[in-house]
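When we follow this note's numbering, the leftmost residue of the sequence shown carries the number 4, and every step to the right adds one.
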Amino acid sequence: MRKKLRVGFFSLSCCEGCSLVFFDLEENMLKALDFIEIVDARLFDGNHPEERLDLAIIEGGIQNERDKDDLVAVRKRSDYLIGFGACATVAGVPGMRNALPQQMQKSLQKKAIKPIKEKVYPINAFVKVDYLLQGCPVFTHELLDVLVKLYHGTKPKLEEVPVCKECIERENPCLLFQRIPCLGPVSYGGCKALCPTERGQCIACRGITKDGNFEALRELFRKMGVSEQEIHNLFTYFTANPFEKKEGE
Ligand code: SF4
Ligand code: SF4
Ligand code: SF4
4 MRKKLRVGFF SLSCCEGCSL VFFDLEENML KALDFIEIVD ARLFDGNHPE ERLDLAIIEG
64 GIQNERDKDD LVAVRKRSDY LIGFGACATV AGVPGMRNAL PQQMQKSLQK KAIKPIKEKV
124 YPINAFVKVD YLLQGCPVFT HELLDVLVKL YHGTKPKLEE VPVCKECIER ENPCLLFQRI
184 PCLGPVSYGG CKALCPTERG QCIACRGITK DGNFEALREL FRKMGVSEQE IHNLFTYFTA
244 NPFEKKEGE
């Protein structure tokens, strides 16, 4: 019989919702415990920083020095590292402040009870990340799939398809024809087009695609009569603004 993977769960700046959905679902936990031993997790049996790990599962983004130090320390004692959920993979909910006007960001920094960084960062801004599991919250079956593959010594491969592909497969009527702005064309799926299936627009909680035609979609939204502010909000709910010029460009 193979040795179980020694796993730790860690929370940086976030709501801990991704860990909660995992620990709350008995069915998932029981399946996972066939492959893993949880040796360090605040929500399970407490923290045990002395334990060496095969796999660290990290939720939350980096918004202060402590987040960064904790992340670097965990990376040093783990063979593999997974970013777990939107906060870890794309800065997510805490990262919404990145899109505020600069003056507001500075005032937030001044008012914070504990020092915070100018921006909130995803974890791959500071350490090597082996796998990114997207979503707010994550889909726990995706984590189970990665755990089973690592246990069997195979490399997990995460599919990267846009939400529109899954939406079309579900034969949903397209929201764009109803003048509802939807980010499906430029968002990573894997969620089986959850929101458009329930008549809600996609707001890219699983991140925006590397090669999406953002400009064309923005133009379409404008033609649909969507205000500039709403377009800005849509593109920055979960991810960095794709229209913002990066340093050095
Ligand atoms: S991705 Fe969503 S559910 Fe998960 S920790 Fe962040 S805010 Fe919470
Ligand atoms: S509703 Fe959204 S996700 Fe679905 S096909 Fe239209 S644009 Fe794509
Ligand atoms: S449809 Fe978009 S916002 Fe909704 S779960 Fe999927 S990626 Fe996230």
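We put the CB at the ideal spot given by N, CA and C, even for glycine.
Could you say which of Phe180, Pro125, Gln66 and Leu147 lies nearest to Lys34 if we only look at CA atoms? Looking at the Cα atoms, Leu147 is the closest of the given residues.
Which partner residues does Asp43 have in the DSSP bridge list? Answer is Gly11.
Name the one or two DSSP bridge partners that Gly49 has. Beta-bridge pairing by DSSP links Gly49 to Ala44.
Distance, Cα to Cα, Pro176 vs Ala207? For Pro176 and Ala207, the distance between alpha carbons rounds to 19 Å.
Range of the contiguous alpha helix (DSSP H) that encloses Ile61: Looking at the DSSP string, Ile61 is not in any alpha helix (DSSP H); the run it does join, the beta strand (DSSP E), is Leu56 to Glu62.
Asn50: buried (16+ other C-beta within 10 angstroms of its C-beta) or exposed? By the neighbour-count rule (16 or more Cβ atoms within 10 Å), Asn50 is not buried but exposed.
When Ala115, Glu162 and Leu84 are compared against Lys131, the one with the closest alpha-carbon: The shortest Cα separation from Lys131 among Ala115, Glu162 and Leu84 belongs to Leu84.
Less than 8 Å between C-beta atoms, sequence neighbours within five positions excluded: which residues of the same chain meet that for Ser16? Here the set comprises Gly63, Gly64, Ile65, Gln66, Asn67, Asp70, Cys90, Pro97 and Val123.
Other residues of its chain near Pro165: CB distance less than 8 Å, five sequence neighbours each side excluded: For Pro165, the CB contacts under 8 Å within the same chain, skipping 5 residues up- and downstream, are Gly187, Pro188, Val189, Ser190, Tyr191, Gly192, Thr212 and Gly215 in chain order.
Which of the three DSSP states, helix, strand or coil, is assigned to Tyr154? Residue state, collapsed to three classes: helix.
Helix, strand or coil, according to DSSP, for Phe25 in the structure here? In the structure shown, the three-state DSSP call for Phe25 is helix.
Could you give the distance in angstroms between the alpha-carbon of Gly86 and the alpha-carbon of Glu169? Cα atoms of Gly86 and Glu169: separation of roughly 23 Å, rounded to the nearest angstrom.
Classify Gly86 as helix, strand or coil using the three-state DSSP reduction. DSSP, reduced to helix, strand and coil, places Gly86 within a strand of the structure shown.
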